[in-house]
Structures are given as C-alpha cells and as structure tokens.
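Numbering (my numbering), first residue to last: 5 to 285.
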C-alpha cells in the first residue's frame with residue numbers, strides 16, 4: 005500500500021521524474037501551472053504562465069520541460085527558461101501531456117485537447133534538434149516508456165483503454181506500425197502514465213482506479229498495487245536503489261476529494277527501476 009510522499013495537492017499531478025544526478029524527484033501540477041520538488045524536507049515550487057506537464061533531464065541543473073506551447077530548456081538554479089522548439093504553439097486548444105526520455109536520448113511527448121476532444125491528440129519525438137510527429141488522431145496520449153534495451157516504446161491512448169508498443173531502430177525512431185499490447189477495456193480501466201523496470205516490466209497507473217499494475221513483456225498481468233489517490237496518474241522509479249515507486253495523482257473531476265487526492269505517493273516496488281536517460285539536445 006502507498007504512503008504519502010508529499011502533501012501538496014495537485015489538481016492534475018503528472019510527469020514524475022527522478023533526477024539521477026541530483027537524487028531528487030520532480031513532478032508537475034498541469035492545471036496549477038507549476039513544477040514541484042523537495043530538497044530533503046524543504047518543499048520547492050516553480051510557477052509558470054502556461055501549463056507544463058513533463059520533463060527530461062539535460063544536466064544536473066537543467067531540465068527539458070514540455071509546456072502547452074513548446075519544449076523549453078529550464079535552469080533549476082535561476083528559474084530561467086529558453087525555448088528549444090515550439091510544440092503546437094499555433095493551436096490554443098491543445099496542451100502537452102505525458103512525456104519521457106527514451107534510451108537513445110530522445111524525448112517523447114504527447115499533446116491533447118484541453119477538453120480531451122476526440123482525435124485532437126498526437127505523439128511527438130524530439131531528437132537532436134528535430135521534432136517529428138509520430139502518431140496522430142489520438143485523444144489522450146499517455147504511458148510513454150521504453151524497454152531496458154531501447155528497442156521498444158510503449159504508449160497508450162487513455163480514451164481507447166489500450167496500451168500499444170512499437171519497435172524502435174538504433175536511433176530510437178519507430179520501425180513500422182504500433183501494435184496493441186494490453187487491452188484494459190474488459191476490466192473497465194483507463195491507462196494513464198507508465199514506466200519500465202529493470203526486468204522489462206511495465207508499470208501502468210490506472211486513472212480512476214487508484215492503482216498501479218505491472219505487466220510482463222509478453223503483455224500478461226503480473227501484479228497490482230493500490231494507491232490512495234483514486235486518479236493515479238503516473239509512476240516513476242526513484243530512491244537510492246531505484247526500488248521506490250513514486251506515483252502522482254489528481255483531484256480534478258472528483259466530488260468531495262479527501263486530503264489524499266492529488267498528493268504524490270511512494271511505495272516499495274519489489275523490483276528495481278532504471279535511471280532515466282539524459283535528453284540529448
């Protein structure tokens with residue numbers, strides 16, 4: 005069972021990232037337009053003028069942050085940010101959502117309609133100066149994660165209640181079409197964020213179900229761990245041994261949410277994760 009890691013409630017918590025060089029967890033409140041972290045017991049927070057949702061790490065003091073208008077180089081010490089490349093900046097109806105760095109140093113990011121309009125979402129990959137649209141006509145792209153050897157990418161369309169996987173080439177670009185991986189519709193589940201562990205297991209947070217479930221590389225179900233946040237949104241491995249699973253959550257859309265909803269939780273995973281790769285700008 006999970007315990008509360010941070011009591012600051014997020015309307016829409018997302019994008020947890022354990023920075024391997026800093027030994028520090030970062031996460032976002034998308035609707036609150038803020039990035040959060042901790043320095044030991046000291047809470048840290050950075051506020052933005054637009055919605056921010058996901059990040060990768062560039063070096064000890066720099067993150068690549070996805071916002072509703074672009075990918076930004078963000079300095080943690082000064083709080084300054086510099087635009088790297090626009091992301092649907094000409095479309096005020098969309099925003100960024102789930103994102104994660106792949107094993108080759110690229111950064112994958114999903115976009116979606118601010119009202120979750122059907123078919124308005126897409127998946128992109130940024131790699132060494134190029135931003136390429138990979139998949140279109142999605143609704144809520146989520147669950148971006150990568151096999152330990154970097155040959156497979158996983159993602160979901162939450163609205164479709166399915167996880168997908170696609171083979172990657174040596175540079176990290178998709179080879180061929182994506183194929184269904186896990187169908188959660190029979191269980192009535194909605195796949196949100198995900199992360200891979202060191203054994204190739206895929207940990208997927210289920211929006212509205214208050215749990216994270218692990219699937220084996222062949223797509224079979226392995227285990228489920230309860231999370232006190234009903235809208236469990238995204239997991240990330242962290243801690244000194246990378247065996248702690250941190251899970252963001254949200255209180256947006258809940259009637260009379262209790263004090264746990266929207267918090268970040270931690271729990272023992274029973275298996276080690278992988279250090280998040282550096283983004284190669």
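Positions of the beta carbon are idealized from the N, C-alpha and C atoms, including for glycine.
Within its own chain, the residues whose Cβ lies closer than 7 Å to the Cβ of residue 36, once the five positions on either side in sequence are excluded, are 14, 15, listed in chain order. Taking C-beta atoms under 8 Å as the contact rule, residue 198 and residue 158 qualify, at a distance of about 6 Å. Boundaries of the beta strand (DSSP E) harbouring residue 88: 85–90, taken from the DSSP string.
With fewer than 16 other CB atoms across the displayed protein chains lying within 10 angstroms of its CB, residue 220 is exposed. Excluding residues up to 5 positions away in sequence, 101, 125, 144 lie with their Cβ nearer than 6 Å to the Cβ of residue 116 in the same chain. Fully contained in the segment 76–151 are the following beta strand (DSSP E) runs of length 3 or more, in chain order: 85–90, 98–105, 111–117, 125–131, 134–142, 145–150.
Judged by pairs of C-beta atoms under 8 Å, the segment 82–97 does not touch the segment 22–42, as fewer than three such pairs exist. Assignment of residue 173 by DSSP, reduced to helix, strand and coil, places it in the coil class. Residue 208: member of the beta strand (DSSP E) spanning 206–210, first to last residue. Note that the C-beta distance between residue 236 and residue 215 is below 9 Å. Within 10 angstroms of the beta-carbon of residue 160 lie 16 or more other beta-carbons, which makes it buried. Contact check for residue 52 against residue 41 fails: the beta carbons are separated by 9 Å or more. Rounded to whole angstroms, the Cβ separation of residue 271 and residue 246 is 14 Å, and the two are not in contact under 8 Å.
Beta-bridge partners assigned by DSSP to residue 58: 70. Beyond the five residues adjoining it in sequence on each side, residue 139 comes within less than 6 Å, by CB distance, of 127 in the same chain, given in chain order. A direct Cα-Cα distance of roughly 31 Å separates residue 5 from residue 55. A check of alpha carbon separations from residue 262 across 273, 234, 241, 283 identifies 234 as the nearest.
Distance from the Cα of residue 239 is smallest, within the candidate group 110, 166, 273, 155, for 273. Between residue 268 and residue 17, the C-beta spacing is below 9 Å.
Beta-bridge annotation (DSSP): residue 217 is paired with 208, 228. Inclusion of residue 250 and residue 257 in the CB contact set at 9 Å is not warranted, their separation being larger than that value.
Taking the C-beta atoms as reference points, residue 200 is found no nearer than 9 Å to residue 211. In the three-state DSSP reduction, residue 155 falls in the coil class, being neither helix nor strand.
By the neighbour-count criterion, in which 16 or more other beta carbons inside 10 Å mark a residue as buried, residue 33 falls on the buried side.
Ranked by Cα distance from residue 92, the first of 108, 77, 73 is 73. Secondary structure note for residue 252: its beta strand (DSSP E) is the uninterrupted segment 248–254. Within its own chain, the residues whose Cβ lies closer than 6 Å to the Cβ of residue 131, once the five positions on either side in sequence are excluded, are 110, listed in chain order.
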